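So the structure is just underneath, and the comments pick up after that.
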Amino acid sequence: MSGTENIISLNLATTRQQWGFAEAVEGCVKAGITAISPWRDQIEAIGLDEAARLVREHSLRVTGVCRGGMFPADTAEGRQKALDDNHRAIDEAAALNADCLVLVVGGLPGSSKDIAGARQMVLDGIAAMLPHARSSGVKLAIEPLHPMYAADRACVNTIDQALDMCEVLGETVGVAVDVYHVWWDPNLAGAIARAGRMNRIFAHHICDWLVPTTDMLLDRGMMGDGVIDLKSIRAMLEEAGYHGPQEVEIFSKDNWWQRPGDEVLETIKQRFETVC
1 MSGTENIISL NLATTRQQWG FAEAVEGCVK AGITAISPWR DQIEAIGLDE
51 AARLVREHSL RVTGVCRGGM FPADTAEGRQ KALDDNHRAI DEAAALNADC
101 LVLVVGGLPG SSKDIAGARQ MVLDGIAAML PHARSSGVKL AIEPLHPMYA
151 ADRACVNTID QALDMCEVLG ETVGVAVDVY HVWWDPNLAG AIARAGRMNR
201 IFAHHICDWL VPTTDMLLDR GMMGDGVIDL KSIRAMLEEA GYHGPQEVEI
251 FSKDNWWQRP GDEVLETIKQ RFETVC
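Those letters in the sequence shown? Residues 1 to 276, by UniProt numbering.
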């Protein structure tokens, strides 16, 4: 990962309903935001070559590509299909010179109740894609998701679980610390410190947890509107040696996705200065 400056990165999910890739780049340039993190469907919609051209033309830093992963499957063919897709994701991240490819690892396959087996499939899947990632110069960032997603989206749910895998896999595999998913962890400070000692903090995602939350996937809050102690988590990360971008990733179907993109970015900038 290049640079240590603490800057805003816009995860393009935050303006998914308002803007495509090109419009989001234009909005960021207008707002003075110099880093982005696109999703693969947004890259596909505009084409990888055009996405890479826009990134180069505007000298944007790509803090991550979302997402690889989804490794567990109940057949060997399904696991191979996931591996093939992850190889394509690595190629996309390499073309954009991304800091990392974010991995949302997947949940229980089929009707399985074997979460330990699913986690082994994740470990095996990352190990299988690792040679291509290393030869392409792409770091892999495991993103632990809140336990509510353990069954369907991610059977890796704490930073410590992700770091256990990193210890097995080697130094080019790290973690993406998304406050929405880890703020509740009673061992958060210890886990972040451990990640720092291992030099495995590859990304920092921010938003807020609303009370009440009306939809666990699509009702994330703007920073400062919820209960997450963002400054404390940032202090933990900085104490652990991470001073890189804070990537704003907000899924908000009934609020922020309904507002003009320029308004969203201006609010992000204000909150970044006051509550992050």
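The beta-carbon is built from N, C-alpha and C at its ideal position, and this holds for glycine as well. All of these numbers come straight from a predicted model, not from anything done at the bench.
Close Cβ partners of residue i (< 6 Å) along its chain, the five nearest in sequence each way excluded
{"i": "Ala150", "result": "Asn157"}
{"i": "Tyr242", "result": "Ile201"}
{"i": "Thr172", "result": "Arg134 and Lys139"}
Run of the beta strand (DSSP E) containing residue i, from where it starts to where it stops
{"i": "Arg79", "result": "Looking at the DSSP string, Arg79 is not in any beta strand (DSSP E); the run it does join, the alpha helix (DSSP H), is Ala76 to Ala95."}
{"i": "Leu48", "result": "Run containing Leu48: none in the beta strand (DSSP E); it sits in the alpha helix (DSSP H), Leu48 to Glu57."}
{"i": "Val104", "result": "Leu101 to Val104"}
{"i": "Val248", "result": "Gln246 to Val248"}
Residue i versus residue j - alpha carbon distance
{"i": "Asn199", "j": "Ser111", "result": "37 Å"}
{"i": "Asp229", "j": "Trp183", "result": "8 Å"}
{"i": "Trp19", "j": "Gly27", "result": "9 Å"}
{"i": "Leu130", "j": "Pro72", "result": "16 Å"}
{"i": "Gly3", "j": "Pro245", "result": "Its pLDDT being 44, under 50, Gly3 is placed unreliably in this model, and the coordinates cannot settle the point."}
{"i": "Ile233", "j": "Phe251", "result": "20 Å"}
{"i": "Glu247", "j": "Gly117", "result": "32 Å"}
{"i": "Arg259", "j": "Ala128", "result": "42 Å"}
Where residue i falls: helix, strand or coil (DSSP)
{"i": "Asp178", "result": "strand"}
{"i": "residue 277", "result": "Here the chain has residues from 1 to 276 only, and residue 277 is not among them."}
{"i": "Ala203", "result": "strand"}
{"i": "Asp41", "result": "helix"}
{"i": "Gly117", "result": "helix"}
{"i": "Ala98", "result": "coil"}
{"i": "Asp208", "result": "strand"}
Limits of the alpha helix (DSSP H) - the one that residue i falls within
{"i": "Ser232", "result": "Leu230 to Glu239"}
{"i": "Ile33", "result": "Here Ile33 belongs to no alpha helix (DSSP H), and DSSP marks it neither H nor E."}
Counted within 10 angstroms of its Cβ, other Cβ atoms place residue i as buried (16 or more) or exposed
{"i": "Asn187", "result": "exposed"}
{"i": "Gly170", "result": "exposed"}
{"i": "residue 293", "result": "The requested residue 293 is not part of the displayed model; the chain covers only 1 to 276."}
Residues near residue i in its chain [Cβ-Cβ closer than 7 Å; skip 5 each side]
{"i": "Leu48", "result": "Glu92 and Ala95"}
Cutoff 8 Å; reference residue i; Cβ partners in own chain excluding five residues on either side
{"i": "Leu163", "result": "Val175, Ala191, Arg194, Ala195, Met198 and Arg200"}
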